[in-house]
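In the UniProt record's numbering, the protein residues as written are 1 to 216.
In this text, a Cβ means the ideal position worked out from N, Cα and C, and glycines have one as well.
Here is the structure we will look at.
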């Protein structure tokens, strides 16, 4: 997990680190040997490839955990809710819903544009977009839907937000896909992405269910 954290941090800070000499301080020995490690472990190999471009400028230094408490203090220290705190929230303001999870992905805005475009090529999604956009139950359009889609629509399972159709079930509400290319992109992100380290079949399916929905 510590090696994956390094990969994630380098990707996020790439624009600041590219071309600069910098030092990574860690209390985990395996991270120090990551660049030169000879291994057949596919996870480690993928991470090695991901950080190779920083190899000439990056120095990884090991620092024992019991003398590395400065980082623990920064993580644990909570700032007072005052006006000089960047995260200051006025007491009279409505509290924001906290972020309870973050997904790391290489998918950009172009993907969602392609999803919207794919709806135009699919009969059921095109009809659903029209029905949901107008928020009306046009009987003629509803009857044009295939039986499976019609039943889901009648059960109130579809919602439209920002041009994307979302499918709701008991525990989640995820985007609807109809293009095989877009489906393959999601499958890649949930299984082959360096951030998800080739999860098992069961865990991959669970992650897919939390990202997207399509018939079958």
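For residue 203, the closest of 214, 191, 212, 213 by C-alpha to C-alpha distance is 191. Residue pairing from DSSP leaves residue 111 without any beta-bridge partner. Beta-carbon to beta-carbon, residue 178 and residue 125 are separated by about 5 angstroms, close enough to satisfy the 8 angstroms threshold. In the structure shown, the three-state DSSP call for residue 64 is coil. Note that the C-beta distance between residue 112 and residue 185 is not below 8 angstroms. CA-to-CA, the gap between residue 157 and residue 168 works out to about 5 angstroms. Pairing residue 137 with residue 122, the inter-Cα distance amounts to about 20 angstroms.
Secondary structure at residue 23: strand, using DSSP grouped into helix, strand and coil. Inter-residue distance for residue 35 and residue 89 is about 43 angstroms (C-alpha atoms, whole angstroms). Between residue 131 and residue 142, the gap from beta carbon to beta carbon is short of 8 angstroms. Every alpha helix (DSSP H) stretch that sits fully inside the UniProt domain "Reverse transcriptase RNase H-like" (2-54) and reaches 4 residues is listed by chain position as 2-12, 14-17, 29-32, 42-51.
In this structure, 50 is the residue among 128, 50, 56 with its C-alpha nearest to the C-alpha of residue 5.
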